[in-house]
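Residue numbers (the numbering used here), protein chains in the order written: chain C, 1418 to 1946; chain V, 56 to 233.
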């Protein structure tokens, strides 16, 4: 007897012309020794023939639809089709069929994989998005993009492929990300800037491969039969079903259009595509407008009743190490002290932020009093979650009423409120969200908020203005404010079992607020905007 | 074009050609078994058709068309195999395959229609791999290149897609006996 699975593989390899010499001998030995193996082989060949026949008819059918209908008496149409095709219309075979997959819902295959294991399928980073209306899964700037479709109805995206190629995509457009070095433009316009390490970056359309051999080109695709390629700098190579008279190599300043199998050469036009420098200016303008709006909102927020601490991380002065508490009526001793941390940009280019990376990095501040309710809010950019617990805030260690606010390794938001003096697990009131910060969120700005409501005995977590977890407390514990660490954790007592524990945050924070009352969901959503 | 009624010879030839169309996928599969190269197989297919047309008069309606066309296809395939040096199975193996009793199926239209509806059920990536392979005549390394994945994963995708399509068509046929 023979190994049927092995035979199956060898037969497939034969039909796909992949057999090695050794495998061919193995297949031949199997086929010679068994009638059952031969039957299996012939069955495979039948299906192979059926698939090929179907494909040829599908290609031929769309070919015929474009011309006058044939009289029904001509039963032997498949061969008149064949004759046409071999007569030089081979290029048209593909007409229509490439479009089939694009008619399917975007991401039906990719969405399932996303979140769970899309990390290994990531091929690019979304760097900028302007005025974009998404027609597929929406992504935010800073997010990693997995293989699959990017569809936009309007707007402009700037994508940085992991190979190093930078692509500006103008909507309406459908781009399929295939690998760090390869994308398929079904329709829309793009410009690709390809630095030397990414040379060979390729954009395909229905029929053709545009392979970069230089530094910058533009490509515009209307449909399977209508494509333009402009070379702004360097050289590109055209491969695939390119009309015969077309130059396969296209140099700086030259462009070619290929429509219905005919090509035409003309000078490249920069103006036909979004200029990346214009895009930069647009980014700067939008950034500035958003920052202006935020400043107005932030100043108004500073006068919110019961606001104890409001750090906006603006005007950071590294020599003084002081982080100013902007809350109206803030006590003089409530400013923060910056320990370590890098001064970086925040949600917008000219917005200040602190970067937390080293185990020592933190902002230390003191809040006063005992309060039944508290709201913690922060705009954070998580860069990674390397530790079991990654502290956002820890306060008043070693006391009943102390708070620990953190993210765990899986991106859950955790809150701990100490209710008993012991260090044991049951001594704490806890609220744990499902995983909300996934690796896809790393590098994006997120608004995190947690509310402890002493009146209703509820604790709630919010992400980006939406509640992600809620739970009631079994013990009502007044919250003890005191010495706090933003972005870190420390045990004040050397005898504490938590002494020496490393729980520092890895990322940036560009706004933080602490209020001694429970904000409503509406207030949190408003603060998030 | 003329509107004269066809002569009996023309009518006979048209009938034989009609039979050929009915068996076309089976003939194609038979040729591909010997000549896995699509474009060479397409040429052999066309030569087979031309021979069938030329020799239509020698075919007696009512006898086995399948056996007749199989002989012609086999002869044309061997001719192509001998004329060009390309990789295929040894003549001994091809002979054994040719001697294997297996009737050509004549239910091509039905199976093609079912196959089309089964193709639409394939996941996008699998569908695309099948299209690349059968419609554009790309081999797995080219498909891997176009899809941004490994040859091995293309092989797996193709084999799963073929198995799915086979089962899907068979299921529909047994659910829907004509």
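Beta carbons: idealized from backbone N, C-alpha and C, even for Gly.
Collapsed DSSP secondary structure at residue i in the structure displayed
i	result
residue 1672 of chain C	strand
residue 1609 of chain C	strand
residue 1447 of chain C	helix
residue 126 of chain V	helix
residue 108 of chain V	helix
residue 1936 of chain C	coil
residue 1461 of chain C	helix
residue 1879 of chain C	strand
residue 103 of chain V	helix
residue 1625 of chain C	strand
residue 1941 of chain C	helix
residue 159 of chain V	coil
residue 1851 of chain C	strand
residue 1633 of chain C	strand
residue 1921 of chain C	coil
Option in the options with minimal Cα separation from residue i
i	options	result
residue 1421 of chain C	C:1452, C:1610, C:1437 and C:1434	C:1452
residue 1838 of chain C	C:1827, C:1585 and C:1818	C:1818
residue 1780 of chain C	C:1742, C:1547 and C:1546	C:1742
residue 1881 of chain C	C:1845, C:1564 and C:1795	C:1795
residue 94 of chain V	V:77, V:123 and V:132	V:132
residue 1688 of chain C	C:1672, C:1943 and C:1754	C:1672
residue 1895 of chain C	C:1883, C:1875, C:1435 and C:1851	C:1875
residue 1906 of chain C	C:1939, C:1816, C:1810 and C:1878	C:1810
residue 1942 of chain C	C:1884, C:1609, C:1925 and C:1924	C:1884
residue 223 of chain V	V:166, V:108 and V:87	V:166
residue 204 of chain V	C:1596, C:1792 and C:1825	C:1596
residue 1729 of chain C	C:1444, C:1719, C:1757 and C:1737	C:1719
residue 202 of chain V	V:78, V:216, V:191 and V:184	V:184
residue 1766 of chain C	C:1447, C:1711 and C:1801	C:1711
residue 1862 of chain C	C:1558, C:1541 and C:1581	C:1558
Residue i to residue j span [Cα, whole Å]
i	j	result
residue 164 of chain V	residue 212 of chain V	26 Å
residue 1900 of chain C	residue 1812 of chain C	6 Å
residue 1515 of chain C	residue 1458 of chain C	Interpretation of residue 1515 of chain C is limited by its pLDDT of 27, a score under 50 that renders its predicted location unreliable; no figure is taken from the coordinates.
residue 178 of chain V	residue 1419 of chain C	32 Å
residue 1566 of chain C	residue 220 of chain V	25 Å
residue 1524 of chain C	residue 1902 of chain C	Confidence is the limiting factor: at residue 1524 of chain C the pLDDT is only 34, short of 50, which leaves the residue's position unreliable, though a coordinate-based value still follows. Answer to the nearest angstrom: the Cα atoms are 43 Å apart.
residue 1426 of chain C	residue 182 of chain V	20 Å
residue 1868 of chain C	residue 1892 of chain C	16 Å
residue 1805 of chain C	residue 1836 of chain C	22 Å
residue 1572 of chain C	residue 1583 of chain C	17 Å
residue 1654 of chain C	residue 1472 of chain C	29 Å
residue 1433 of chain C	residue 1600 of chain C	25 Å
residue 1644 of chain C	residue 1636 of chain C	7 Å
residue 1539 of chain C	residue 1585 of chain C	18 Å
residue 1547 of chain C	residue 1651 of chain C	28 Å
residue 90 of chain V	residue 118 of chain V	28 Å
residue 1545 of chain C	residue 1575 of chain C	5 Å
residue 105 of chain V	residue 124 of chain V	11 Å
residue 1739 of chain C	residue 1591 of chain C	49 Å
residue 159 of chain V	residue 1456 of chain C	13 Å
residue 1551 of chain C	residue 1748 of chain C	47 Å
residue 1683 of chain C	residue 1598 of chain C	27 Å
Alpha helix (DSSP H) segment containing residue i, residue limits
i	result
residue 1704 of chain C	1693–1718
residue 210 of chain V	206–230
residue 1644 of chain C	Run containing residue 1644 of chain C: none in the alpha helix (DSSP H); it sits in the beta strand (DSSP E), 1643–1650.
residue 185 of chain V	179–185
residue 68 of chain V	63–89
residue 202 of chain V	195–202
Boundaries (first-last residue) of the beta strand (DSSP E) holding residue i
i	result
residue 1551 of chain C	1539–1551
residue 1682 of chain C	1679–1684
residue 1563 of chain C	1561–1563
residue 1765 of chain C	Segment: none, residue 1765 of chain C is in no beta strand (DSSP E) and carries neither H nor E.
residue 1806 of chain C	1806–1812
residue 145 of chain V	Run containing residue 145 of chain V: none; DSSP gives neither H nor E here.
residue 1728 of chain C	1724–1728
Exposure label - residue i; buried when at least 16 CB within 10 Å
i	result
residue 1787 of chain C	exposed
residue 1713 of chain C	exposed
residue 1679 of chain C	exposed
residue 1716 of chain C	exposed
residue 1753 of chain C	buried
residue 1436 of chain C	buried
residue 1487 of chain C	Note that residue 1487 of chain C scores 35 on pLDDT, short of 50, meaning its location in the model is unreliable; the coordinates nonetheless yield the value given after this. Looking at its Cβ environment, which holds fewer than 16 other Cβ atoms inside 10 Å, residue 1487 of chain C is exposed.
residue 1526 of chain C	Because the pLDDT at residue 1526 of chain C is just 34, under 50, the model does not fix this residue reliably, and the point stays unresolved.
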